[in-house]
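Asker: A single structure is presented below for examination.
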Amino acid sequence: MKALRLNTAPDRLLVIAVLMLALLLRVVYLLANMQSPDFRSPVLDPQLNDYWARALITGDWTPPPHADDPEIETTPYGRPPAYPWLLAGIYRAARGSYLAPRLFQIAAGLLNIFLVFLLGRRLSGNASGIIASFLMAVFWAAVYFEGELNSPVWEACLALGMVLCLLHWTDAKTLRWLAASGLLLGVGALMRPNILLPGGAILAWVVWHAKKGGGSTGSVITTVPVYLGSALLIIFPVIIRNWVVGGQFVFISYYGGINAYIGNNPHSGGTSPEVPDLYEISGVEEWNCFNYPSIVRGLARHLKKPDLDFSGASRYFYKRALLFWRETPLQAIALTLRKAWLFWGPHEISDSKVIHYERLHSNLLSRLPRFSLLLALALTGLVVCVLSNKSRERMDPSASALSLLFVVGYFFSILPFFISERYRFPVVPFLLPFAGFAVVLAWERLRQRKIKAVFLVTLGFILCYGVATYPLLSYAPDYSTWYLHRGLAHAAQGDMRDAEAALEQALRENPDNDEAHLQLGYIHATQGLKEDAMEHYRRALEANPNNVFAANNLGYEHYLKNEYPEAEKYYRQALERYPIYTLALNNLGNVLLREGRAEEALACFEKALDIHPHDPFARYNIGNVHLETGAFDKAVEVFQQAFEEQPFNPNIANNLGLALAHSGRLEESIAWFEKALGLSRNYPLAHFNLGNVYGDMGDLDQACCHYEQVLMVWPEHVEARERYQLLCGSLPIP
């Protein structure tokens, strides 16, 4: 029996209607999403993508507040670079607009819907394609990911394009379609390297098809090089770049090893991106998308291999994952089966954001179909094809084979690592044509009044839906973490009231959420509520004694209160747990310098510089030690070097001027104080130092002018007021 086909005009109208419905849903969600705190203040993985893209167009690689330097510019790529490149292009064209990438991704989402229609039409006719495109249009995750600064929508687009180009190759028998498919595979690999496994499976199909004589020459000798060569043409420049920058072979990116270990260790649940013994092997407490270089350096110290590079660290983690399989094969198999079930199961698995609650808290997304419904429909269509020769004959063999090869290949590419909702998203478009076929088949049988057939298809769907929605394995998304992320985003926007509310709700969900206490401490400290801040830092340490950031911050609050012994105690507590914590080393050095222990302070700063040669504070602080101890020429030398590394830092310029002034080089010092004012217009210390220098040079008018500037912005500056009264006594005090 031929597949149900609609007239051309109605087909077009239905496709347009689906696209209009999809656009409406996406606009409604976009308007709501624009009110979300992380729309303009992304967190976690989207934050890294945003940082990377903006750094590419501005040249400013300064990491976000409280984040480590991911060293993207100077090391091999840790993550695939294609999405940040794309995002950078959008930002450049749209002058950094946060709305622009969402609009581009909505356009890509609409393109995906149309490509799903084309694939469904090729599989079993227009009606199946229209139903498949409708399901893609209303799938909640499609709408959601189009609003995120992340790559799933583009991964799906490239995969669909790759498969459709291959289908054109089978029809047109021209190599340009095969080359286009290879190019899309290469771009997809730079977006997410997992696509290479289904790409390899598809290559086997290409070889088989070529042997049948379906290619342009019917020759494997021609087809394989064209397909592979096109993909490598895209990938190879990234491999070369990684070699040039890092002097090591890194195939696209180096996160594969640590991701494999996350998904294959005795403590893994297959869903959480946590490394169980990370501190023991690297000295780093928790992994995030910014601190992998610190992990590599810590691992090098742990292994006593100072030359360990990123490629070597990745191999180390791969070996740990394989060791888990060799030592505990039964546990490894059980874990893999768990991951397989979670991949296809009913849960929305978190990756960086807790997307289960992202869906539930959206009035729109919470009402749209979930993965389980689409999977049940697709399984129904597949089961019908397996059991019915007539139904199977209605399907295009190339389209069905390529779709299933991609689904199976992509699934197996994710299985060795860990599971999340966004990692399974690219398989959805290839399931939907089978879902569309099931709906069309049921509708045909209903119109033909074949009640038994309708009953069997419906029963099959009910059984498949029961399997797809059955919670065989438990998974509990973390509500406290969801509120924590909201609080972080509100704080990044400067919306402290809502940030506090979200963080307090996070603590109501989990009173031991030490990160929420830490963030509340930050907020209260910036508001001048020092005692409240210190209380939250203490509670963070009670919940997690290993929270080195809480210990450091508590030490800093004691430092500001001139309680140096207490400050030293907490800094040393942080460093005992995290010896390479350079901020704590700098803070400890400042305490020791205040206590007159200059040599110990210098040792702290030099250690910080050894750990991180580009530490933003260490060299400046070394200059301060020389300034405090009267080694002015040495201070000048160190400050000059520090300013070369940080030419926009007014503190360095000011202290360099101070060192020159103390060494008697007054004219030279003036230029540096003025440079500091050029970098920070109302910088009171630079004005004060200029007042002193002009006073020493006998230029009282200039001296008084600069003291006035100090007192205008810092009226409590006692020394400035005293010198103003001494030198400018006949003038009114500002």
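Per my numbering, the sequence shown starts with residue -15, numbered consecutively.
Ideal placement from N, C-alpha and C gives every residue a C-beta, glycine not left out.
#1: Need the endpoints of the alpha helix (DSSP H) that T207 sits in, please.
#2: What are the start and end residues of the alpha helix (DSSP H) that includes V721?
#3: Taking its Cβ as the centre, do 16 or more other Cβ atoms sit within 10 Å of R707, making it buried, or is it exposed?
#4: Hey, could you find the ends of the alpha helix (DSSP H) A77 is sitting in?
#5: Whether or not the stretch 108 to 124 and the stretch 434 to 442 are in contact is what I'm after, with contact meaning three or more pairs of Cβ atoms, one per stretch, closer than 8 Å; do they touch?
#6: How long is the line joining the alpha carbons of N243 and S372, rounded to whole angstroms?
#7: Skipping 5 residues on each side, what residues in its chain have a beta carbon closer than 6 Å to that of A619?
#8: If we call anything under 7 Å between Cβ atoms a contact, is A670 one with N638?
#9: So for F703, helix, strand or coil by DSSP?
#10: Compare the C-alpha of L362 against each of A385, L344 and Y449 and name the closest.
#11: Counting pairs of beta carbons, one from the stretch 138 to 150 and one from the stretch 164 to 172, are three or more of them closer than 8 Å?
#12: Residues in its own chain within less than 6 Å of L(-2) by CB, not counting five upstream and five downstream?
#13: Measure from the alpha carbon of E270 to the alpha carbon of each residue in N531, M696 and Y678, then state which is nearest.
#14: Distance, Cα to Cα, S404 vs G231?
#15: Terminal residues of the continuous alpha helix (DSSP H) containing M696?
#16: For the pair the stretch 79 to 89 and the stretch 296 to 308, tell me if three or more CB-CB distances fall below 8 Å.
#17: Whole angstroms is fine: what's the gap from R105's alpha carbon to R354's?
#18: Which one of L684, P330, A626 and N226 has the shortest CA to CA distance from D293?
#19: With a CB to CB cut of under 6 Å and the five nearest residues on each side skipped, what residues in its chain are close to S108?
#20: Assign N546 to buried or exposed, taking buried as 16 or more other Cβ atoms, counted over all protein chains shown, within 10 Å of its Cβ.
#21: Can you list, in chain order, the stretches of the alpha helix (DSSP H) that have 4 or more residues and sit fully within the stretch 304 to 343?
#22: Tell me the residue span of the alpha helix (DSSP H) that contains V451.
#23: Specify, as a first and last residue, the run of the alpha helix (DSSP H) that Y562 falls within.
#24: Which residues in the same chain have their Cβ closer than 7 Å to the Cβ of I5, if we skip the five residues on either side of it in sequence?
#25: Contact check, A490 vs Y467 under 8 Å by CB: the rounded distance?
#26: With 16 as the cutoff for other CB atoms within 10 Å, does V338 come out buried or exposed?
#27: Between the alpha carbons of G199 and W161, how many angstroms are there, rounded?
#28: From S252 to E658, what does the alpha carbon distance come to, in whole angstroms?
#29: How many angstroms separate the CA atom of G509 from the CA atom of A316?
#30: Between the stretch 233 to 248 and the stretch 188 to 198, do at least 3 Cβ pairs fall closer than 8 Å?
#31: In this structure, does DSSP put K374 in helix, strand or coil?
#32: Checking 7 Å against the spacing of the C-beta atoms, do F601 and N633 come in under that value?
#33: Suppose you measure from the CA of R76 to the CA of R24; what does that come to, to the nearest Å?
#34: Out of R649, G254, P250 and P26, point me to the one whose CA is closest to R310's CA.
#35: With DSSP as the reference, label C273 as helix, strand or coil.
Answerer: Walking through what the data contain:
#1: Mapped onto the sequence shown, residue 207 falls at position 223. Following the DSSP letters along the chain, one finds T207 inside the alpha helix (DSSP H) bounded by residues V204 to G230.
#2: A query on residue 721 cannot be resolved here, the shown segment of the chain reaching from -15 to 718 and no further.
#3: Position 723 of the sequence shown, counted from the start, is the residue given in the question as residue 707. Flag for R707 reads buried.
#4: The residue you call residue 77 lines up with position 93 of the sequence shown. A66 to A77 is the extent of the alpha helix (DSSP H) around A77.
#5: Fewer than three Cβ pairs drawn from the stretch 434 to 442 and the stretch 108 to 124 lie within less than 8 Å of each other, which leaves the two stretches out of contact.
#6: In the sequence shown, the residue the question calls residue 243 occupies position 259. In the sequence shown, the residue the question calls residue 372 occupies position 388. Roughly 42 Å between the two C-alpha positions.
#7: Here residue 619 refers to the residue found at position 635 when the sequence shown is read from its first residue. So the list reads G607, H610, L611 and A643, once near-sequence residues are dropped.
#8: Counted from its first residue, the sequence shown places residue 670 at position 686. Counted from its first residue, the sequence shown places residue 638 at position 654. Pairing A670 with N638 gives a Cβ-Cβ distance under 7 Å.
#9: Against the sequence shown, residue 703 aligns to sequence position 719. The sequence shown places Glu at residue 703, rather than the Phe named in the question. Secondary structure of E703 (DSSP, three-state): helix.
#10: The count along the sequence shown starts at 1 and reaches residue 362 at position 378. First, the residue type needs correcting, since residue 362 is Ala and not Leu in the sequence shown. Of the listed residues, the one whose Cα sits closest to A362 is Y449.
#11: Short answer: they touch.
#12: Taking the sequence shown and counting its residues from 1, one reaches residue -2 at position 14. I114, listed in sequence order.
#13: Taking the sequence shown and counting its residues from 1, one reaches residue 270 at position 286. Closest option to E270, Cα to Cα, is N531.
#14: Position 420 of the sequence shown holds residue 404. Position 247 of the sequence shown holds residue 231. Rounded to whole angstroms, S404 to G231 spans 33 Å at the Cα level.
#15: Counting from 1 along the sequence shown, the entry for residue 696 is found at position 712. Segment L684 to V697, the alpha helix (DSSP H) holding M696.
#16: Contact between the stretch 79 to 89 and the stretch 296 to 308 is absent, because fewer than three Cβ pairs lie under 8 Å.
#17: As a working note, residue 105 is residue 121 in the sequence shown. As a working note, residue 354 is residue 370 in the sequence shown. Cα-Cα distance, rounded: 23 Å.
#18: For this step, residue 293 is matched to residue 309 along the sequence shown. Per the C-alpha coordinates, the member of L684, P330, A626 and N226 positioned closest to D293 is N226.
#19: The residue labelled residue 108 in the question sits at position 124 within the sequence shown. Closer than 6 Å at Cβ, skipping near neighbours: A(-13), R378, M379 and F421.
#20: If you number the sequence shown from 1, residue 546 lands on position 562. Residue burial annotation: N546 is exposed, with fewer than 16 other C-beta atoms found within 10 angstroms of its C-beta.
#21: Entirely contained in the stretch 304 to 343, the alpha helix (DSSP H) runs reaching 4 residues are, in chain order, 313 to 328.
#22: As a working note, residue 451 is residue 467 in the sequence shown. Per DSSP, the unbroken alpha helix (DSSP H) holding V451 starts and ends at I435 to T453.
#23: The residue labelled residue 562 in the question sits at position 578 within the sequence shown. Membership of Y562 in any alpha helix (DSSP H) is not indicated, and neither H nor E is assigned to it by DSSP.
#24: Within the sequence shown, numbered from 1, the residue matching residue 5 stands at position 21. In the sequence as presented, Ile is not what sits at residue 5; that position holds Leu. The answer, listed in chain order, is A121.
#25: Stepping through the sequence shown from its first residue, residue 490 is reached at position 506. Stepping through the sequence shown from its first residue, residue 467 is reached at position 483. At roughly 4 Å, the Cβ-Cβ gap stays under 8 Å, so A490 and Y467 are in contact.
#26: Taking the first residue of the sequence shown as 1, we reach residue 338 at position 354. Within 10 angstroms of the beta-carbon of V338 lie 16 or more other beta-carbons, which makes it buried.
#27: On the sequence shown, residue 199 is found 215 positions in, with the first residue counted as 1. On the sequence shown, residue 161 is found 177 positions in, with the first residue counted as 1. Interpretation of G199 is limited by its pLDDT of 46, a score under 50 that renders its predicted location unreliable; the figure taken from the coordinates is listed afterwards. Taking C-alpha positions only, G199 is separated from W161 by approximately 10 Å.
#28: As a working mapping, residue 252 is identified with position 268 in the sequence shown. As a working mapping, residue 658 is identified with position 674 in the sequence shown. Looking at the two C-alpha atoms, the distance is approximately 57 Å.
#29: By one-based count along the sequence shown, residue 509 stands at place 525. By one-based count along the sequence shown, residue 316 stands at place 332. Here the sequence assigns Ala to residue 509, which means Gly is not the residue at that position. If you take the alpha carbons of A509 and A316, they lie about 46 Å apart.
#30: Counting Cβ pairs under 8 Å, fewer than three are found: no touch.
#31: One-based indexing of the sequence shown puts residue 374 at position 390. Correct three-state label for K374: helix.
#32: Reading the sequence shown from its first residue, position 617 is the one you call residue 601. Reading the sequence shown from its first residue, position 649 is the one you call residue 633. Not a contact, by the Cβ cut-off of 7 Å.
#33: Translated into the one-based positions of the sequence shown, residue 76 becomes position 92. Translated into the one-based positions of the sequence shown, residue 24 becomes position 40. Here the alpha carbon of R76 sits roughly 16 Å from the alpha carbon of R24.
#34: By one-based count along the sequence shown, residue 310 stands at place 326. Considering only alpha carbons, the answer is P250.
#35: Position 289 of the sequence shown, counted from the first residue, corresponds to residue 273. C273: coil per DSSP, three-state reduction.
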